[in-house]
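K.L.:
My questions will all concern the structure given below.
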RNA sequence: GCAGCGAACCGGCUUGCCGCUGGUCCGUCAUGUCCCUUGCGGGUGUGGCGGGCGAGAGGAAAGUCCGGGCAACACAGGACAUCCCGCUUCCUAACAGGAAGAGGUCCGCAAGGGUCAGUCAGUGCAGAAGAAAAGAACCGCCCCCUCCGAGGGGUAAGGGUGAGAAGGUGAGGCAAGAGCUCACCAGGCCGGCAGCGAUGUCGGUGCUGUGCACUCCGGGAGUUGAAAGUUCAUGUAUACCGGCGAAGCUCCGGCUCUUGGCGCAAGCGGGAGCUGAAGAGAGAGGGCUGUCCGUCCGAGCCGGAGGGUAGAACGAUAGAGGACAGCGGCGACGCUGCCCGUAGAGAAAUGGCAAGCACCCCGCCGGAGGCUUCGGUCUCGGACGGGCAUACAGAACCCGGCUUACAGGUUCGCUGCUCUU
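Numbering (our numbering), first residue to last: 1 to 126.
Here you go:
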């Protein structure tokens with residue numbers, strides 16, 4: 001993995017604005033699913049990719065398990081985010097966990113790889 | 001040694017690579033309605049990029065059950081209602097918490113543990129059962145009368161019912177009985193003594209039914225909750241519809257004009273107009289804990305429908321803070337000294353992967369010892385392989401508690417049994 005892209009995930013690469021999140025889920029978004037990960041994404045006016053992760057309280061009552069999954073999602077995205085390149089303009093993505101069970105990190109890694117490849121393909125098709 | 005009881009404590013460690021949050025320092029590039037300088041330039045603030053350094057979840061961070069700080073709304077006063085607490089003394093900022101103590105009851109051989117509570121004054125209720133649920137007579141027992149059917153009366157020792165039957169047991173006593181009398185026991189009341197007190201103890205007193213609710217007594221409570229709240233930035237709409245109000249009005253004051261009244265006159269009285277936020281009244285609506293009285297504010301308010309913003313800073317991390325020592329106290333705790341510096345996010349950081357190790361568990365191999373019904377079984381030590389790198393669980397304004405969850409482990413004190421000396 002000797003990409004020129006640094007494997008960082010700073011604040012500017014995360015989706016923090018409430019307004020942007022409302023726009024993402026408001027309409028015009030697309031989604032792909034590789035169970036149990038579901039990615040909702042939409043091109044944006046901003047430059048660069050911004051991501052967020054979300055785990056429902058319905059699936060995990062305890063905060064420790066929700067944190068575990070959110071960390072797995074962020075980590076696996078961070079290590080593979082160059083799969084989305086090259087990219088024109090900006091992109092907002094939300095990763096949602098749709099399962100009530102935990103998975104080992106290596107499986108989450110493969111699911112994330114699948115998702116990022118499919119997002120990249122759908123963007124280049126257009 | 002085994003089993004147990006009670007306290008207190010810990011809640012993995014090391015290394016490598018890649019990351020996150022907020023600091024700090026250095027370099028560099030921008031930038032300012034800032035400061036110094038004639039100027040070159042320098043300082044300082046802010047921002048971007050790169051690099052270095054050090055910091056970064058818990059004993060329960062959890063449940064959100066109590067108590068407080070803090071904040072906003074408020075803050076003449078009174079009455080009523082509602083809610084909470086309830087053995088005693090103390091600790092504390094406070095508590096429904098803690099410490100020490102007192103009483104009943106239950107569990108345990110014990111160390112210990114669980115649980116209960118103001119009121120015995122008043123009112124109400126207590127299904128079924130039962131004669132009767134508190135001014136008790138069904139059966140029974142006894143007396144009287146007797147027309148031998150019954151009737152009148154006494155009686156709570158016995159029967160059965162019930163959670164509870166006139167405080168319990170025994171003796172005396174009696175026609176039979178009964179605190180009727182006595183002894184002991186449980187409780188109440190009165191007095192003495194001890195104790196700050198709950199209470200204990202001694203003496204007196206025949207005073208004595210159970211459960212629940214209300215009442216009563218004493219003490220306490222304003223509401224909301226950091227999405228509180230303060231400031232700045234951005235942006236919009238004083239749009240529109242419906243309802244109510246202020247203005248208007250009344251009184252009062254001032255000025256001007258006027259005058260069929262009064263007065264010698266100054267003037268008084270009447271009328272009209274103007275005027276008065278800084279005179280009074282009346283005022284929609286609102287505040288004053290839940291209601292009422294009352295009181296204060298008051299020129300805009302209430303409802304519908306709709307529009308805009310959703311960024312930043314403060315709050316906000318030094319606090320009833322912790323460690324150690326000394327002193328006081330049985331103790332909770334307090335005082336004094338000295339030292340330490342310890343997360344601060346905001347779609348929410350504190351992580352991911354790999355390697356190694358302590359401890360623990362499982363399997364297996366053979367060795368020593370004890371018991372043996374010769375099948376085995378127990379203890380100790382060792383090698384190898386595997387599991388596990390851990391349970392419960394993630395700060396969200398901050399503290400003190402309580403409750404609940406929890407793999408594994410450490411220390412101290414105590415109890416019972418057993419062994420050795």
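Glycine residues also receive a C-beta, built at the ideal position from the N, C-alpha and C atoms.
Can you tell me the Cβ-Cβ gap for residue 51 and residue 93, rounded? I've got them flagged as a contact below 8 Å.
P.N.:
Within the first chain, residue 51 is the residue found at index 51, counting from 1. Within the first chain, residue 93 is the residue found at index 93, counting from 1. That pair is a contact at about 5 Å.
K.L.:
Could you check the C-alpha separation between residue 64 and residue 123 for me, to the nearest Å?
P.N.:
The sequence position of residue 64 within the first chain is 64, counting from 1. The sequence position of residue 123 within the first chain is 123, counting from 1. Approximately 35 Å between the Cα atoms of the pair.
K.L.:
Could you tell me which uninterrupted alpha helix (DSSP H) segments, each at least 4 residues in length, are contained entirely in the region 8-81, listed from first to last along the chain?
P.N.:
For the region 8-81, whole alpha helix (DSSP H) runs of length 4 or above, ordered along the chain, are 18-26, 63-80.
K.L.:
Quick check on residue 111: buried or exposed, where buried means 16 or more other Cβ atoms within 10 Å of its Cβ?
P.N.:
Here residue 111 refers to the residue found at position 111 when the first chain is read from its first residue. Buried, since its Cβ has 16 or more Cβ neighbours within 10 Å.
K.L.:
My output table needs one value for residue 102: the three-state DSSP class, helix, strand or coil.
P.N.:
Your numbering for residue 102 matches position 102 in the first chain. Looking at residue 102 - three-state DSSP - the assignment turns out to be coil, as it is neither helix nor strand.
K.L.:
Considering only their Cβ atoms, is the gap separating residue 107 from residue 83 smaller than 8 Å?
P.N.:
In the first chain, the residue the question calls residue 83 occupies position 83. In the first chain, the residue the question calls residue 107 occupies position 107. No, Cβ-Cβ distance for residue 83 and residue 107 is not below 8 Å.
K.L.:
Quick one: residues in its chain with C-beta nearer than 6 Å to the C-beta of residue 73, no 5 flanking neighbours on either side, listed in chain order?
P.N.:
Within the first chain, numbered from 1, the residue matching residue 73 stands at position 73. Taken in chain order, the residues that qualify are 53, 95.
K.L.:
Shortest alpha-carbon distance to residue 70 belongs to which of 42, 109, 117?
P.N.:
Here residue 70 refers to the residue found at position 70 of the first chain. The option with the nearest alpha carbon to residue 70 is 109.
K.L.:
Does the distance from the CB of residue 34 to the CB of residue 115 come in under 8 Å?
P.N.:
On the first chain, residue 34 is found 34 positions in, with the first residue counted as 1. On the first chain, residue 115 is found 115 positions in, with the first residue counted as 1. It is a contact, given that the beta carbons lie within the stated cut-off.
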